[in-house]
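Number of protein chains: 2
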Amino acid sequence: MAAEAPPIQRRKARRNAAAVSGKVTLQQVAAAAGVSSATVSRILNGTAIVSDDKRAAVFEAIEQLGYVPNPVARGLAGGRTLSIGVVTQAIDSPFYSGALRGIEDTLSAAGYSPLFVSGQWNATHEARCIETLRSRRVDGIIVLTGRLSNAALAATARELPVVVTGRKLKASGLFALDFDNFEGARLATHHLLALGHRRIAFISGDLKHLDGSERLRGYRSALAAAGVRLEPVMELPGDFTEASGLAAVERLIDSREPFTALFAANDQMAFGAALALHRRRMRVPDDVSLVGFDDLAGSVYSVPPLTTVHHPVYELGQLAAESMLQLLAGEKPALELPPPRLVVRETTRQLRT
Amino acid sequence: MAAEAPPIQRRKARRNAAAVSGKVTLQQVAAAAGVSSATVSRILNGTAIVSDDKRAAVFEAIEQLGYVPNPVARGLAGGRTLSIGVVTQAIDSPFYSGALRGIEDTLSAAGYSPLFVSGQWNATHEARCIETLRSRRVDGIIVLTGRLSNAALAATARELPVVVTGRKLKASGLFALDFDNFEGARLATHHLLALGHRRIAFISGDLKHLDGSERLRGYRSALAAAGVRLEPVMELPGDFTEASGLAAVERLIDSREPFTALFAANDQMAFGAALALHRRRMRVPDDVSLVGFDDLAGSVYSVPPLTTVHHPVYELGQLAAESMLQLLAGEKPALELPPPRLVVRETTRQLRT
DNA sequence: TTGTACGCGTTATCAG
DNA sequence: CTGATAACGCGTACAA
Numbered sequence: 001m002a003a004e005a006p007p008i009q010r011r012k013a014r015r016n017a018a019a020v021s022g023k024v025t026l027q028q029v030a031a032a033a034g035v036s037s038a039t040v041s042r043i044l045n046g047t048a049i050v051s052d053d054k055r056a057a058v059f060e061a062i063e064q065l066g067y068v069p070n071p072v073a074r075g076l077a078g079g080r081t082l083s084i085g086v087v088t089q090a091i092d093s094p095f096y097s098g099a100l101r102g103i104e105d106t107l108s109a110a111g112y113s114p115l116f117v118s119g120q121w122n123a124t125h126e127a128r129c130i131e132t133l134r135s136r137r138v139d140g141i142i143v144l145t146g147r148l149s150n151a152a153l154a155a156t157a158r159e160l161p162v163v164v165t166g167r168k169l170k171a172s173g174l175f176a177l178d179f180d181n182f183e184g185a186r187l188a189t190h191h192l193l194a195l196g197h198r199r200i201a202f203i204s205g206d207l208k209h210l211d212g213s214e215r216l217r218g219y220r221s222a223l224a225a226a227g228v229r230l231e232p233v234m235e236l237p238g239d240f241t242e243a244s245g246l247a248a249v250e251r252l253i254d255s256r257e258p259f260t261a262l263f264a265a266n267d268q269m270a271f272g273a274a275l276a277l278h279r280r281r282m283r284v285p286d287d288v289s290l291v292g293f294d295d296l297a298g299s300v301y302s303v304p305p306l307t308t309v310h311h312p313v314y315e316l317g318q319l320a321a322e323s324m325l326q327l328l329a330g331e332k333p334a335l336e337l338p339p340p341r342l343v344v345r346e347t348t349r350q351l352r353t
Numbered sequence: 354m355a356a357e358a359p360p361i362q363r364r365k366a367r368r369n370a371a372a373v374s375g376k377v378t379l380q381q382v383a384a385a386a387g388v389s390s391a392t393v394s395r396i397l398n399g400t401a402i403v404s405d406d407k408r409a410a411v412f413e414a415i416e417q418l419g420y421v422p423n424p425v426a427r428g429l430a431g432g433r434t435l436s437i438g439v440v441t442q443a444i445d446s447p448f449y450s451g452a453l454r455g456i457e458d459t460l461s462a463a464g465y466s467p468l469f470v471s472g473q474w475n476a477t478h479e480a481r482c483i484e485t486l487r488s489r490r491v492d493g494i495i496v497l498t499g500r501l502s503n504a505a506l507a508a509t510a511r512e513l514p515v516v517v518t519g520r521k522l523k524a525s526g527l528f529a530l531d532f533d534n535f536e537g538a539r540l541a542t543h544h545l546l547a548l549g550h551r552r553i554a555f556i557s558g559d560l561k562h563l564d565g566s567e568r569l570r571g572y573r574s575a576l577a578a579a580g581v582r583l584e585p586v587m588e589l590p591g592d593f594t595e596a597s598g599l600a601a602v603e604r605l606i607d608s609r610e611p612f613t614a615l616f617a618a619n620d621q622m623a624f625g626a627a628l629a630l631h632r633r634r635m636r637v638p639d640d641v642s643l644v645g646f647d648d649l650a651g652s653v654y655s656v657p658p659l660t661t662v663h664h665p666v667y668e669l670g671q672l673a674a675e676s677m678l679q680l681l682a683g684e685k686p687a688l689e690l691p692p693p694r695l696v697v698r699e700t701t702r703q704l705r706t
């Protein structure tokens, strides 16, 4: 036993050094295991059946040497980089960052790495982002609510798998994951109607996006179903930012148009609206009821906590990533997001009569 | 002229096809330009001086063919992947996402791509993340407030450039970008003292992190300087989350210890604190003054807008990325974050006497 | 089942 | 200044 000590120590030392420097090659593993490099590769990728003894020898060698495959070389040789491009609009938006985490969690669990790029709400920039991702040879691209045209998306889907959220679209090699924004907005508006409100103003998001237009449609639909007349003055334009929500409410108040409730197309605008109401000395929910959309992490802790429509952003990211994995595996994804759900907190109350 | 039309068209067509498929190789460019591939490489990387005519011919060919270099092959051959690993704790945290944007902006402007991974406040997981990044052959690693030991960080800095934020540390190949949390906390506490407050409670963050402990130190220092006795009961433990801020304030109120002001070690805990006060029917700032730390994007729109210490997170990301670029260029970074700055908004007021 | 040999697209090292 | 040519580390036809 004692005689064997030195070799063992040496092996251990080498292993640590290797694990840190990451410089052990597949070739070295093959040599140590007494097989060809092709066999090692086959074992690693499950490309072919290998005899059990060689298999064991290879794993032994991998363990001893602390071998870690080099994804760069893999990418060059095999064409697969095990990385997925993710096009987001603003990486620091409270809305998207939740989705990004969902994507990262499920992608990394599958051995893939996400490559995030920000499109910055600009179609041209977005196209450039996709070019960058393609030049980096990503295996697929996930687009979170892009500005890119459906045609452009379908075109890149012909080259590599694409998963897109926030729009409806069918094309080969592409999967669209959509959330029922219409129903969510209907739910929110219905809630206010059920509380007795009739003068319900709506702060819309960017109508160029499906999210924005669908939420407006849901609002209108609910009002119509309740027999409440649609009034253009009650539809305030916004762009999904807090500032636009604040501005919209100030304009509404200045117009002296009576209203008892406010539905903002997203939580951020609802926050802006709440501040505007506060500035004008109108209390929430005593004077005005307020509903948001998205259920951001911070909405639970706003004062008072915001009633809103839950949008499962984390799950959105997870499902987008899972769909991509399925696309990569040659399967046809059919995942669906859970239906929207109203979360009643403390910014809404029965209309005083 | 007319005779030349066909070739031009053909060239155009080929160029488009190439730009989309991204399959034109450096070899093809070399062939088209009538030079060797080495020359093309040299021109692209500025590795050596090349005659003007060949240079022009190569650029002409690149343009015609729509050549885009392949970073994967580059990574294999040259060892540089033009990608930087970024270890963050929670990609969806409002605090870190701002920094991530700063990093992405300046990195991509320099032709680098960031590779984000989440350490999830877990040293073991963080170490694994770094292994992943190294296996992907990133050219450097930026660590945002990690849990990793200084020793571990210094060790990886021996292998490749490292930039770390949120701690003080000197080592070769490593640059630490620190923010003056002590001074920021001192500023905030001083502000409350200047308003006449004496019973100022402090909700601390995770004291295992330098951010947390330094802010506590700043709070104590300001009190001491004003001759106010430090009372352990006024120092409430927290962990940087909204929930912990809420719990801390509820405990404080239940203890019936009198207090007129509250300083939370970050904005998220301040939000939690504000909600707790609201629940207990204590008004901000009329009954209690409240100060946060970080100046998150949402703090401007909280109701009422939060007085807080501005922490330049976006710049933090920018500077971290710039430092990394300098490290990569063989320079010695000496960038510094701007000093902390108190942003007085509407949650603090003169103590009523 | 296994090994040989070539190719992936660049960079780097030599000569010239 | 420029051109062959050898790496870089791995996947994969092809052959055995």
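Heads up: the protein sequence lines correspond to chains F and U, in order. Position 53 (the first sequence) corresponds to 53 in my numbering; numbering is contiguous. Just remember that my numbering sits 353 ahead of the position in the second sequence, which is counted from 1. For each residue, glycine too, the CB sits at the ideal point set by N, CA and C. Small disclaimer: the values here were computed from a predicted structure and weren't measured.
Neighbourhood of residue i by C-beta distance below 8 Å, restricted to the same chain and skipping five residues each side
i: F:PRO355; result: This structure gives no information on residue 355 of chain F, because the portion of chain F shown stretches from 1 to 353.
i: U:THR459; result: GLY670, GLN671, ALA674, GLU675 and LEU678
i: F:LEU230; result: ARG220, LEU223 and ALA224
i: U:ARG433; result: ARG427 and ASP492
i: F:ILE91; result: SER97, LEU100, PHE116 and SER118
i: F:LEU236; result: ALA201, PHE202, ILE203, SER204, ALA248, VAL249, ARG251 and LEU252
Sheet register partners of residue i (DSSP bridge)
i: U:HIS663; result: U:ASP647 and U:ARG694
i: U:GLY438; result: U:LEU468 and U:ILE494
i: U:GLU584; result: Paired residues: none, contrary to the question.
i: U:ILE556; result: U:LEU589 and U:ALA617
Residue i versus the options, residue with shortest Cα-Cα distance
i: U:PRO638; options: U:PHE646, U:ALA650, U:ASP647 and U:PHE616; result: U:PHE616
i: U:LEU605; options: U:ARG573, U:ILE556, U:ARG570 and U:VAL470; result: U:ILE556
i: U:GLU689; options: U:THR392, U:LEU669, U:LEU569 and U:VAL696; result: U:LEU669
i: U:LEU569; options: U:MET587, U:ASN423, U:ARG552 and U:THR392; result: U:MET587
i: U:LEU546; options: U:ILE437, U:PRO686, U:PRO665 and U:ALA579; result: U:ALA579
i: U:SER339; options: U:ARG539, U:GLY387, U:GLU457 and U:GLY472; result: Not covered by the structure: residue 339 of chain U. The range shown for chain U is 354 to 706.
i: U:ASP531; options: U:PHE612, U:PRO611, U:HIS664 and U:TRP474; result: U:HIS664
i: F:ALA31; options: F:GLU60, F:ALA48 and F:VAL50; result: F:GLU60
i: F:TRP121; options: F:GLN28, F:PHE240, F:ARG198 and F:ARG55; result: F:PHE240
i: F:ASN150; options: F:ARG167, F:ARG134, F:LEU160 and F:PRO161; result: F:ARG167
Beta carbon proximity, residue i to chain U, threshold 9 Å
i: F:ALA109; result: no
i: F:SER172; result: no
i: F:LEU337; result: no
i: F:GLU126; result: no
i: F:ILE91; result: yes
i: F:SER21; result: Low local confidence applies: a pLDDT of 45 at F:SER21 is under 50, so the model's placement there is unreliable, with the coordinate-based value given in what follows. Yes, F:SER21 lies at the interface with chain U (some Cβ there is under 9 Å from its Cβ).
i: F:ALA188; result: no
i: F:VAL72; result: yes
i: F:GLU242; result: yes
i: F:GLU315; result: no
i: F:PHE263; result: no
i: F:ALA154; result: no
Beta-carbon proximity list for residue i, same chain, < 6 Å, skipping 5 on both sides
i: U:LEU649; result: PRO447 and ASP620
i: F:GLU250; result: ALA276
i: U:GLY455; result: TYR667, GLY670 and GLN671
i: F:SER213; result: LEU207
i: F:LEU26; result: SER37 and VAL40
i: U:ALA463; result: LEU678
i: F:SER21; result: Because F:SER21 sits at a pLDDT of 45, beneath the cut-off of 50, its placement in the model cannot be relied upon, and the point is left open.
i: F:HIS190; result: ALA222
Chain F contact for residue i (CB, 9 Å cutoff)
i: U:TYR654; result: yes
i: U:LEU628; result: yes
i: U:PHE624; result: yes
i: U:THR485; result: yes
i: U:PRO447; result: yes
i: U:GLY387; result: no
i: U:HIS664; result: no
i: U:GLN671; result: no
Residues near residue i in its chain [Cβ-Cβ closer than 7 Å; skip 5 each side]
i: U:THR485; result: VAL470
i: U:ARG551; result: VAL581
i: F:GLY238; result: ILE203, SER204, GLY205, SER244, GLY245, ALA248, ALA265 and MET269
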